[in-house]
Every structure is written in C-alpha cells, then in structure tokens.
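Heads up, the sequence shown is in the numbering used here, so the first residue is 1 and it goes up one at a time. Glycine included, every Cβ here is placed at the ideal spot set by N, Cα and C. From a predicted model like this one, the values you see are computed outputs, not experimental measurements. Structure first, commentary second.
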Amino acid sequence: CRDAGWPDCFNTGLFVLALKTSKEDKRWSVMYADTLTRLFEDSARVVESVLPMVEVCYGDDNVSKILASIQDECVRQARGTFNNFLQTRNVIDIVTAINENEQLDSELKLDQVLEQIKEQREAFLTAVNNTRTLTDNILKLAKGFEVKCEKTFTESLMKKIQSCLSGLRDVQSDFREVLRKGEMNLCKMAVYSKMHPVIAEVASISHVLSEDTFYSLELEDPWLHEVVKMFGEVVVPLESLLHSEIYHSVVATSISEMTEYLEKLVMTCSFGQLGGLLLDKRLRTLVSYLSSITEWSVREKFARLNMIAMLLSVDGIIEIPDLYSSTAPLSIQDIRKCLKLRTDFRREDIEKVVKEL
C-alpha cells in the first residue's frame, strides 16, 4: 500500500514511471536517467526533512537506521530500473538470431527485418546515453548532498552520512562498467565490422612504387579516400545520436583500433622509399581529418605509425641513428623489423646500424 512517508517515486515504482513516458516526449531518449535523477532528488529531500527531527527527538544513534533504510530502498529501485532498460540494449542478439535462422518465414519482408534492427539499435543507443547521464547525475547528487550536509550536521553524523553515500558511489561504479561495455559493443558492431575490410586493403597494394605511380597516388589515393569515407559514413553520424562524451570516446577507441590494425598490416608489406613517403602522407592526412571530427587528441595515437613511416621513407640507412632517441615509441627490435621491410636495404647494413642505436 502507499506510504505517505516515502517519496512519490518509491510508492509508484521507478520503472513504472519510466514506461509511462511516450516516445513522442522530447525526454524519451533519457527517460531512465530522468527517473533515477528524480529518485535521488526525492531521497535527498526525505533526508533533509526527516533527519533533523530524528536527531533532535531520538538522538544520533537512530540517524544511521533511517539513512540505511532510505539507501536500501533507493538502491533497490535503481537496480530495478537498471535491469528494465538492460532488456532493450542487446542488438547483437537480434542480428545473430536473424543470421542463424536459415528458414525465415518466406512472407517476412526485408523491410520488416530492417525495421526490427533499427528499433533495437535505437533502444541500444538510448540505453548507452541513459547510462552516461546516470553516472553524471549520481556523482553530482553525491557531491552536492555531501556539501549541503557538511553545513548542517555535526562531524560525527557526517561520518555516518558519508558511509551511506559510499553505497551510492558503488552504484555509480556499476553504471560506469556497464557504460564501458556498452561503448565497446557499439564500436565492435557499428564501426569495427566496417572499418577492418577498408583498412585491410592496404596489404593488397604494392608499396614498391615507380615515380609515376607515386605522383599519381599523391593526386588521387583510392585507399585513403575509402578510409575517410568510411569514417564519414559510419562514425561521424553517431555524433547526433550519442552523448557528447560517449561519441568522443567511441571515436578515440575506433582510432586506437585502426592504428593498431594498420600497423600489423604495414609490418607484413614490402616498401621502397617512395612507398614509405606515400605512407607518411597518408598518415598525415588521416591525423588532420580525424582531428577535425573529435575534440580529443589524435596525434599520439599515430606515434608508432609515424615513426614507422619515417624509417621507411629515409634516403639511406645511415640516417637512422640521427632519427633515433631513447624516448622513441619503437623499440630496437621494432626498428630492426621495420628496416627489413625496405627492399633496398641489405640485412648486414641493417644489423650494423641497429647495433649503433
């Protein structure tokens, strides 16, 4: 039955309130975040109104009991809401079910299947956005509540309050872990599956170039064009769908994946000097483009690749000692492997230079 002493959201149930939100409502995409924010705000109001009376009438010893009761109910409802929106977040299950079902009903039209995938995609993005908003709101609530209590309650009572607030921070940690996994799933499903085939084409291209081919690729580079196109069509549109911090995190994670994958591919190829110069130009163009689509720093993610390109584009092997420093992103062993990719460098010359580093 309804308890007049609890906040209204405790009496009605958080996920019930969330599910009443219409899709036409402008706050629908963050409905779970709004509902949990309301829970935390109402909990704070209960504490603010009840604890002074408890402290005066019943003594400090009973304050912790009240706080523990409120915390338990708050965590119960928060986890209930969290479990509710998790049910809508698994896009992988939908796609896998479609792929594995070899006997789809012949009457099920392709547009119906695509509509189902679209709905699940929207639900997944909503869940990721909600999780990010929740982590921010929980932190703000905990900090704000603690500051306000410090001005109101005694030092001994504040220790009890801080102990209760630690439970709220544990909930925030749970949401952060969910957010991390959600971002990684988003990268794997929406970005990596389209990025890898495009990047992999670099391994099928010759990097021992004639001058005519080099100058031609300087003017029009199909591989570079496809990489930039892929990011423009797959990654950039996510900016309008995701929380700003999530979008930039996805971009940064995707760039890290791209540079690691590209490095592995480059280390399987053979290069002439012009091929190394072309790789250097490609990397500089990518750094410039990727810096324009995210606020986060991009250059350091290309540090290893940039040095590889520098080693592959030198005029002669005698230049290598002048390019090396103890703070270089490549180890001596990495440099040896890289120099062996140059078809015009003799193995004995490589070993001699490496020993001088």
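How many Å lie between residue i and residue j at the Cα?
i, j, result
"Val353", "Thr126", "55 Å"
"Val251", "Thr154", "47 Å"
"Gly272", "Leu209", "7 Å"
"Gly387", "Lys337", "Residue numbering for the chain in the displayed model covers 1 to 357; residue 387 lies beyond these limits and cannot be assessed."
"Arg76", "Val235", "37 Å"
"Lys181", "Val171", "16 Å"
"Asp344", "Asp322", "20 Å"
"Leu286", "Asp280", "10 Å"
"Glu245", "Val128", "11 Å"
"Lys335", "Leu274", "One detail in the question is off: residue 335 reads as Ile in this sequence, not Lys. Rounded to whole angstroms, Ile335 to Leu274 spans 19 Å at the Cα level."
"Asn137", "Arg284", "39 Å"
"Leu351", "Leu341", "The question names Leu, but residue 351 in the sequence shown is Glu. Distance between the alpha carbons of Glu351 and Leu341 is about 13 Å."
"Glu263", "Leu134", "37 Å"
"Ala239", "Lys151", "In the sequence under discussion, the amino acid at residue 239 is Glu, which differs from the Ala named in the question. Roughly 41 Å separates the two Cα atoms."
"Ile189", "Leu290", "The question names Ile, but residue 189 in the sequence shown is Met. Those two C-alpha atoms are separated by around 20 Å."
"Met230", "Val198", "8 Å"
"Ile320", "Glu211", "24 Å"
"Glu356", "Leu179", "48 Å"
"Val147", "Ala68", "19 Å"
"Glu73", "Pro237", "40 Å"
"Glu177", "Met184", "11 Å"
"Val266", "Gln162", "53 Å"
Tell me whether residue i is buried or exposed, calling it buried when 16 or more other Cβ atoms sit within 10 Å of its Cβ.
i, result
"Arg347", "exposed"
"Arg132", "buried"
"Arg360", "The question about residue 360 has no answer, for the chain in this structure spans 1 to 357."
"Glu201", "exposed"
"Lys160", "buried"
"Thr332", "In the sequence under discussion, the amino acid at residue 332 is Ile, which differs from the Thr named in the question. Ile332 should be labelled exposed."
"Leu141", "buried"
"His196", "exposed"
"Thr35", "buried"
Kindly indicate which three-state DSSP category residue i falls into: helix, strand or coil?
i, result
"Phe145", "helix"
"Phe153", "coil"
"Phe345", "coil"
"His248", "helix"
"His196", "helix"
"His243", "coil"
"Arg2", "Because Arg2 carries a pLDDT of 42, less than 50, the predicted location of this residue cannot be relied on, and no value is offered for it."
With three or more beta-carbon pairs closer than 8 Å as the criterion, would you say the stretch 292–303 touches the stretch 245–259? Touching, yes, given that three or more Cβ pairs across the two stretches are closer than 8 Å.
My parser needs the alpha helix (DSSP H) runs of 4 or more residues fully inside the stretch 276–347; what are they? If we require 4 residues or more, the alpha helix (DSSP H) runs fully inside the stretch 276–347 come out as 303–312, 320–323, 332–339.
Within the stretch 158–212, note down every full beta strand (DSSP E) run reaching 3 residues or more, in order along the chain. If we require 3 residues or more, the stretch 158–212 turns out to have no beta strand (DSSP E) run fully inside it.
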